[in-house]
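Contents: one structure, followed by commentary.
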Amino acid sequence: MSKKIVFGPKKDFIWIDIKKDDENVVQELKNQAKLDQELLSYALDEHENAHVEYDAKEEILLIVFNVIKKHSERYETAPVAFIVKQNELYSFTTAKTAYVTEFIEGLITRKPDLSRLSLIFKTLYQIVGAFFPVIKEIDKKRLILTEKLKTKTTNRNLLELSDLGMGLVYLVNATQQNSLLLAQLKKLSIYRSLTENEREELEDVEIEADQLVAMANLSDQILGQVSETYNNLLNNNLNDTMRLLTIWSLLLTVPTIVTGFFGMNVLLPFKDSPFGWLIIIFISMFLSIGLLMTILKRIKRDNMK
Numbered sequence: 179m180s181k182k183i184v185f186g187p188k189k190d191f192i193w194i195d196i197k198k199d200d201e202n203v204v205q206e207l208k209n210q211a212k213l214d215q216e217l218l219s220y221a222l223d224e225h226e227n228a229h230v231e232y233d234a235k236e237e238i239l240l241i242v243f244n245v246i247k248k249h250s251e252r253y254e255t256a257p258v259a260f261i262v263k264q265n266e267l268y269s270f271t272t273a274k275t276a277y278v279t280e281f282i283e284g285l286i287t288r289k290p291d292l293s294r295l296s297l298i299f300k301t302l303y304q305i306v307g308a309f310f311p312v313i314k315e316i317d318k319k320r321l322i323l324t325e326k327l328k329t330k331t332t333n334r335n336l337l338e339l340s341d342l343g344m345g346l347v348y349l350v351n352a353t354q355q356n357s358l359l360l361a362q363l364k365k366l367s368i369y370r371s372l373t374e375n376e377r378e379e380l381e382d383v384e385i386e387a388d389q390l391v392a393m394a395n396l397s398d399q400i401l402g403q404v405s406e407t408y409n410n411l412l413n414n415n416l417n418d419t420m421r422l423l424t425i426w427s428l429l430l431t432v433p434t435i436v437t438g439f440f441g442m443n444v445l446l447p448f449k450d451s452p453f454g455w456l457i458i459i460f461i462s463m464f465l466s467i468g469l470l471m472t473i474l475k476r477i478k479r480d481n482m483k
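Structural data, given as structure tokens:
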């Protein structure tokens, strides 16, 4: 269902909230043909990247902005769109991004005389602010997992760390797109028509978005470093295990060769000696110890390099 609220300095602006996941509302909007079909397709697309478009001739502004998905099992983002046309402001949300509608309602309730662009910029500011707690939550979970991995490296903990990394990738990409969108908005012709107050509000959003990008990138780098460290530790443990198995296989090969040699059905030394088997064991141990000393010396030399 859609929602309409009249607001603005002269109560002449109409805000219309469109639920993109309501097929009846979407179909009704398409049938009315009030909006350009291409812009409408961008606004309704759940996989649309954050971007801004402005038709100076028709004076239509489209903003597609990435927001955090609420009530999602993973850290994901989704696009929310705004279209400004004449005295109408359209917002396009879904069930998992409906909190943006609450932001707009709260702003209109507190400041009913806001202009359409001021309402959009203040809403974008709150959307950007909603990212910070999520990134802090990821940092907190990373610290907890790091402490667990120090105690015991399990597949479950490593998979949880991997899930955090994948979620953070989505957030970093979304925040970078949002920051780029705000920078592009200042290059459009509509920027020259903004009031001084609207420009300050846009500047505030851009500063907040840039800070969010820096915070998200830092979290991503730290998480990547932690993952790389544990990958290196696992590789080193595997190398140590393979080295131990190789040494044992070499040491066990020596007695096999010696006993195989003396087991041939030909004339051999110590064949008739009552202590022959002791001599064979001694030879095997002597060669094995010699081989072990050589291997350990080589390992020590490699570690000193």
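In our numbering, each residue carries its 1-based index in the sequence shown increased by 178. The C-beta atom is built at its ideal place from N, Cα and C for all residues, glycine as well.
(request) Would you be able to state if there are at least three C-beta pairs under 8 Å between the segment 308 to 327 and the segment 210 to 217? (result) These segments do not touch.
(message) If you reduce the DSSP assignment to three classes, tell me which class residue 326 lands in.
(response) Residue 326 falls in the helix class under three-state DSSP.
(request) For residue 361, count neighbouring C-beta atoms within 10 Å of its own C-beta (all shown protein chains included) and say buried if the count is 16 or more, exposed if not. (result) Residue 361 comes out exposed.
(request) Taking residue 397 and residue 467 to be in contact with their CB atoms under 8 Å, please state how far apart those CB atoms are, rounded to whole angstroms. (result) With a Cβ gap of about 53 Å, residue 397 and residue 467 do not count as contacting.
(message) For the alpha helix (DSSP H) containing residue 357, name the first residue and the last one.
(response) Element bounds for residue 357: 333 to 363.
(message) Less than 8 Å between CB atoms is the rule here; does residue 382 satisfy it with respect to chain C?
(response) The structure shown contains no chain C; it holds only a single protein chain.
(message) Less than 8 Å between the beta carbons of residue 270 and residue 304, yes or no?
(response) Against a cut-off of 8 Å, the Cβ pair of residue 304 and residue 270 comes out as no contact.
(message) Which residue wins for smallest C-alpha separation from residue 409, given the options 332, 182, 228?
(response) For the set 332, 182, 228, the Cα lying nearest the Cα of residue 409 is the one of 332.
(request) Kindly indicate which residue of 424, 401, 462, 452 has the alpha-carbon position closest to the one of residue 438. (result) The shortest C-alpha separation from residue 438 is found at 462.
(request) Give a yes or no on whether the C-beta atoms belonging to residue 402 and residue 343 are separated by under 8 Å. (result) Between residue 402 and residue 343, the gap from beta carbon to beta carbon is short of 8 Å.
(message) Which residues does DSSP list as the beta-bridge partners of residue 259?
(response) Looking at the DSSP assignment, residue 259 forms a beta bridge with 242, 270.
(message) Suppose the cutoff is 8 Å on Cβ atoms and the five residues either side in sequence are ignored; what does the same chain contact list for residue 470 look like?
(response) Closer than 8 Å at Cβ, skipping near neighbours: 425, 429.
(message) Tell me the DSSP secondary structure of residue 388 in three-state form.
(response) The three-state reading of DSSP puts residue 388 in helix, counting H, G and I together.
(message) I'd like to check one pair, residue 298 with residue 241: are the Cβ atoms closer than 8 Å?
(response) A Cβ-Cβ contact shorter than 8 Å links residue 241 with residue 298.
(request) Using 10 angstroms around the beta-carbon of residue 206, count the other beta-carbons present and answer buried if the total reaches 16, otherwise exposed. (result) Exposed, by the Cβ-count rule.
(message) Measuring straight from C-alpha to C-alpha, what distance separates residue 399 and residue 405?
(response) So the alpha carbons of these two residues sit roughly 10 Å apart.
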